[in-house]
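Participant: Residue numbers (the numbering used here), protein chains in the order written: chain V, 1279 to 1443; chain W, 4 to 202.
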């Protein structure tokens, strides 16, 4: 039996940190992806100034609950900013995906789909949505997307963070 | 190999590196944002995972926290406050998402199965040291609630007990005593455990 180390709070907390660092380590690429997302958000702020506001992901729900470690066939994302909610249901359709979207409250708004390409973000589609607040984007190839919501009354646009389909 | 990495550094040092990076970033050094993210992401990961979120959801919460920071940077007037701002934002977000997705918050000790002993990799063997061995065994014997609370407290710097209390579904007044109880229990487990395996 070896001598016990001195059990100060500090040494215990250091041990707890080491424990979790080994048993539930930070995913390998999380830092890189967080750096990318933060830099992108920052560059958007610099580039477009106050003309655009970032929506926050406030909820993510997978529809195949209990499939631990497995991939869900559909999930719902809810983004929000300043009283506007954007709900996206992303579901698989063979090799491609579809998105069913709702803007709440419904208002005349254009939804611009942007896709990440090797040379940056480019507009892939634009849809005007009306009184129902609903829109659909069928047959989307896998990749990183983000949506920009442009109110037709010319008020400030919103952009979602990037998400993967 | 070392146990180290940003996550195991003392929170005070991590917090001051974060403050310095934030200061440089707000002064116009765009690269400093990378430093800030690199220094604080491991802390955010551990704090968020204490809420029993899946890997994927926990990663989303960490990313959302960074987007919030970029959007809210003007709201943070003291660079020294950035570490606390980030962990508080991450905990609130983790709590909200955990509730929305119906993933449990560790509340009832009884319902929580103890961790089963894990098969150890050679790497684990190398990393483990005498005292740590016993400390880690003791951590595994704690209730999940104590594990979660001590994990958060260990990675935080001067934790704000009132928000942790609300987050973990404990009465505010009980968090200090609960922390104390969890720590005492951990100490007792470390001391009491006979070295039965004889290694």
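Positions of the beta carbon are idealized from the N, C-alpha and C atoms, including for glycine.
Thinking C-alpha only, which one of W:17, W:38, W:93 is nearest residue 27 (chain W)?
Facilitator: Looking at the Cα atoms, W:38 is the closest of the given residues.
Participant: Could you say if the stretch 1422-1435 of chain V and the stretch 49-69 of chain W meet the contact criterion of at least three C-beta pairs nearer than 8 Å?
Facilitator: Output reads no: the stretch 49-69 of chain W does not touch the stretch 1422-1435 of chain V.
Participant: In or out: residue 1379 (chain V) buried (at least 16 other Cβ within 10 Å) or exposed?
Facilitator: Answer is buried; the Cβ neighbour count reaches 16.
Participant: Looking at the C-beta of residue 160 (chain W), does it have a partner C-beta in chain V at a distance below 8 Å?
Facilitator: By this cut-off, residue 160 (chain W) is not an interface position.
Participant: Are any of the Cβ atoms in chain W nearer than 8 Å to that of residue 1328 (chain V)?
Facilitator: Low per-residue confidence applies at residue 1328 (chain V): pLDDT is 48, beneath 50, and the placement is therefore not dependable, though the value from the model is reported in the following sentence. By this cut-off, residue 1328 (chain V) is not an interface position.
Participant: Of all Cβ atoms in chain V, is any one closer than 8 Å to the Cβ of residue 67 (chain W)?
Facilitator: Taking Cβ atoms only, chain V reaches closer than 8 Å to residue 67 (chain W), which makes this a yes.
Participant: List the endpoints of the continuous beta strand (DSSP E) containing residue 1400 (chain V).
Facilitator: Its beta strand (DSSP E) spans residues 1398-1407.
Participant: On the DSSP letters alone, give me the boundaries of the beta strand (DSSP E) that residue 1353 (chain V) sits inside.
Facilitator: Run containing residue 1353 (chain V): 1352-1359, per the beta strand (DSSP E) assignment.
Participant: For residue 1352 (chain V), which of V:1408, V:1291, V:1341, V:1360 has the nearest alpha-carbon?
Facilitator: Per the Cα distances, V:1341.
Participant: Which word fits residue 4 (chain W), buried or exposed, when buried means at least 16 other C-beta atoms lie within 10 angstroms of its C-beta?
Facilitator: Low confidence applies here, because residue 4 (chain W) scores a pLDDT of 32, under 50, leaving its location unreliable and the question unanswered by this model.
Participant: What in chain V is Cβ-close to residue 41 (chain W), meaning under 8 Å?
Facilitator: Ordered by position in chain V, the residues that pass the 8 Å Cβ test against residue 41 (chain W) are 1309, 1313.
Participant: Helix, strand or coil for residue 1439 (chain V)? Go by DSSP, reduced to three states.
Facilitator: Three-state DSSP puts residue 1439 (chain V) in coil, outside helix and strand.
Participant: Looking at the C-beta of residue 1304 (chain V), does it have a partner C-beta in chain W at a distance below 8 Å?
Facilitator: Chain W contact via Cβ: present.
Participant: Does chain V have any CB closer than 8 Å to the CB of residue 71 (chain W)?
Facilitator: Judged by the 8 Å Cβ criterion, residue 71 (chain W) is in contact with chain V.
Participant: Does any residue of chain V bring its CB to less than 8 Å from the CB of residue 32 (chain W)?
Facilitator: False, the Cβ-Cβ gap to chain V never drops below 8 Å.
Participant: Could you run through the stretch 135-155 of chain W and flag, in chain order, every residue whose CB is less than 8 Å away from some CB of chain V?
Facilitator: Going along the stretch 135-155 of chain W in chain order, one finds 135, 137, 138, 139, 142, 153, 154 with a Cβ nearer than 8 Å to chain V.
Participant: Run the CB neighbour count on residue 1420 (chain V), radius 10 Å, all protein chains shown included, and call it buried at 16 or more, exposed below.
Facilitator: The residue is exposed, with fewer than 16 neighbouring Cβ atoms inside 10 Å.
Participant: Listing by chain order, which chain W residues have their CB less than 8 Å from the CB of residue 1439 (chain V)?
Facilitator: Near residue 1439 (chain V) (Cβ distances below 8 Å), the residues of chain W are 66, 67, 70.
Participant: Could you tell me which residues DSSP puts in a beta bridge with residue 1380 (chain V)?
Facilitator: Its beta-bridge partners are V:1365, V:1412.
Participant: Taking the alpha-carbon of residue 1392 (chain V) as reference, which of V:1384, V:1338, V:1405 has the nearest alpha-carbon?
Facilitator: Closest by alpha carbon: V:1405.
Participant: Quick check: is the beta carbon of residue 1421 (chain V) nearer than 8 Å to any beta carbon in chain W?
Facilitator: Residue 1421 (chain V) does not count as touching chain W.
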